[in-house]
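Numbering (full-length UniProt numbering), first residue to last: 1 to 153. The beta-carbon is built from N, C-alpha and C at its ideal position, and this holds for glycine as well. Just so you know, these numbers come straight off a predicted model, no measurement behind them. To start, the structure under review is shown below, and the notes come after it.
What follows is the structure, encoded as structure tokens:
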């Protein structure tokens, strides 16, 4: 894994003091030990400096983190396989538009004469088309010719 690389810019240093007595570490201020470890844990796809997801290796010889100045050679990714796929959602547009048409013809039938075919019976529904402090708009649909009338209430 490239996190164990010897290049110092990939690591941060932690300094602590300890003494080893009979194989046990006793922490004190007499000795100093410096260890090298990654600032952020994670897999090889994450930046050890800021934790962001690294972009996929491309044509350049270096992968740059989009969140900080971390750079890593593409050679550190050798042996890794990357799979990608494009998944499309199924198209169901015709079913939705048919439901919208059917919803116009659902509702209560009232005694109102159609101004186009002059027959009795219209279905109505309301919508808030203007601002909230004004009345609703009532749409009437003829059950015979599907002509639509609008009335502001």
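- Measuring C-alpha to C-alpha distances from residue 81 to each of 110, 134, 57 and 142 identifies 57 as the nearest.
- Secondary structure of residue 87 (DSSP, three-state): coil.
- Residue 46 sits in a strand when the DSSP states are folded into three classes.
- Around residue 71, the same chain offers 62 and 64 as residues with beta carbons nearer than 6 angstroms, after the five sequence neighbours per side are excluded.
- Taking C-beta separations shorter than 7 angstroms and ignoring five residues to either side along the sequence, the partners of residue 68 in its chain run 47, 49 and 50, following chain order.
- Beta-bridge partners of residue 73 (DSSP): 62.
- The C-beta separation of residue 153 from residue 128 comes to about 11 angstroms, leaving the pair out of contact by the 8 angstroms criterion.
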